[in-house]
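> Here it is, the structure in full.
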Amino acid sequence: MTGNPLLRQEGDVLPWEEVLAEQPRTVFLNNYVLGVTMLDKSVPYKRIIMQLDHKNNNINEEIHLPEGYSFRMYKPGMEEDWAITEVEVLEFDNREKALAYFRTDLIPYQEQLKKRMVFIVNQEGIAVANACAWYVNYKGRHQAQVHYVAVRPKYQGMGLGKAVFMKVLSAFTKVEPDEDIYLHTQTWSHKAIRMYLKMGFRLITDDRIGYHDYHYEEAVKVLETVYDEQIMNLVKKRIS
């Protein structure tokens, strides 16, 4: 793996993918957890890669937060709350490892984080949810990707996952206005995928962001067991 998280080479395995390979257990958006409670392990696990055409990234719905909660862009020091959140959703084993990752791989891009990383803070000013309008360069190709979406388990079920996800999509219109947006998820997260489909994301049929065990047809067969005809019509509006 390269030392630069923005330069992904063929065959690279990112830290969260090692965790996923051992025990898939969180809702990944190219790592990027919306909440453990959204998983359905009763269906077979298959990777899914989705894409949102930048022309369709137009969130018209007003983003509502519970009373006392607010959005905040990254400021130095917020990595402390980020680390706690990522540990609570099982992304890292402990706070020290999460902070080490952030300081090594993200702090060098601190000025970009101020424009790209979104948090939701509670009444006490603690960041309890986060998401990032990030990007990588894979095989020389710039790719905008949803990253680091997570909600602390205690705060799940309040609509924070959808809210922070919508907010980060709006951030893409400013920092990546002409780039299509990618995300990586999996069939266990079919409840979240339903939301992504309604927001305009579509499944892609090929492995264009560097996951070499992606089998589109197998993933669709799994989704057919959990979706009705209306949602499957969205699934089948694939991007080749």
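Just so we're aligned, residue 1 is where the sequence shown starts under the UniProt record's numbering, counting upward by one.
Positions of the beta carbon are idealized from the N, C-alpha and C atoms, including for glycine.
1) Going by other Cβ atoms of all chains shown within 10 Å of its Cβ, with 16 needed for buried, is residue 147 buried or exposed?
2) For residue 42, name the three-state secondary structure that DSSP assigns.
3) Is it true that the CB of residue 129 sits closer than 7 Å to the CB of residue 168?
4) Note the first and the last residue of the continuous alpha helix (DSSP H) segment covering residue 230.
5) Opposite residue 186 in the DSSP bridges: which residues?
6) Compute the distance between the beta-carbons of residue 68 and residue 156, then report whether it is under 7 Å.
7) Determine contact between the region 61-75 and the region 189-198, defined as no fewer than three beta-carbon pairs at a distance below 8 Å.
8) Which residues does DSSP pair with residue 52 in a beta bridge?
9) For the beta strand (DSSP E) containing residue 241, name the first residue and the last one.
10) Just how far apart, CA to CA, sit residue 205 and residue 49?
11) Are residue 201 and residue 99 closer than 7 Å when you measure CB to CB?
12) Whose C-alpha, out of 141, 118, 186 and 120, is nearest the C-alpha of residue 44?
13) Taking the alpha carbon of residue 72 as the point to measure from, which residue in 234, 115 and 176 has its own alpha carbon closest?
According to the structure shown:
1) Along the sequence shown, read from residue 1 onward, the residue named residue 147 stands at position 147. Buried, since its Cβ has 16 or more Cβ neighbours within 10 Å.
2) For the purposes of this step, residue 42 is identified with residue 42 of the sequence shown, where counting begins at 1. DSSP places residue 42 in coil when its eight states are reduced to three.
3) As a first step, residue 168 must be located in the sequence shown, where it is residue number 168. As a first step, residue 129 must be located in the sequence shown, where it is residue number 129. Not a contact, by the Cβ cut-off of 7 Å.
4) Sequence index remark: in the sequence shown, residue 230 carries index 230 (1-based). 229-235 is the span of the alpha helix (DSSP H), which, as asked, contains residue 230.
5) As a first step, residue 186 must be located in the sequence shown, where it is residue number 186. DSSP lists 47 as partners of residue 186.
6) Counted from its first residue, the sequence shown places residue 68 at position 68. Counted from its first residue, the sequence shown places residue 156 at position 156. Contact: no.
7) no
8) As a working mapping, residue 52 is identified with position 52 in the sequence shown. The partner list for residue 52 (beta bridge, DSSP) reads 181.
9) Limits of the chain in this structure are 1 at one end and 240 at the other, which puts residue 241 out of reach.
10) In the sequence shown, residue 205 corresponds to position 205, counting from 1. In the sequence shown, residue 49 corresponds to position 49, counting from 1. The straight-line gap from Cα to Cα measures roughly 8 Å.
11) The residue labelled residue 201 in the question sits at position 201 within the sequence shown. The residue labelled residue 99 in the question sits at position 99 within the sequence shown. Contact flag unset, no.
12) Against the sequence shown, residue 44 aligns to sequence position 44. If we check each option's Cα against that of residue 44, 186 comes out closest.
13) Taking the sequence shown and counting its residues from 1, one reaches residue 72 at position 72. For residue 72, the nearest C-alpha among the options comes from 115.
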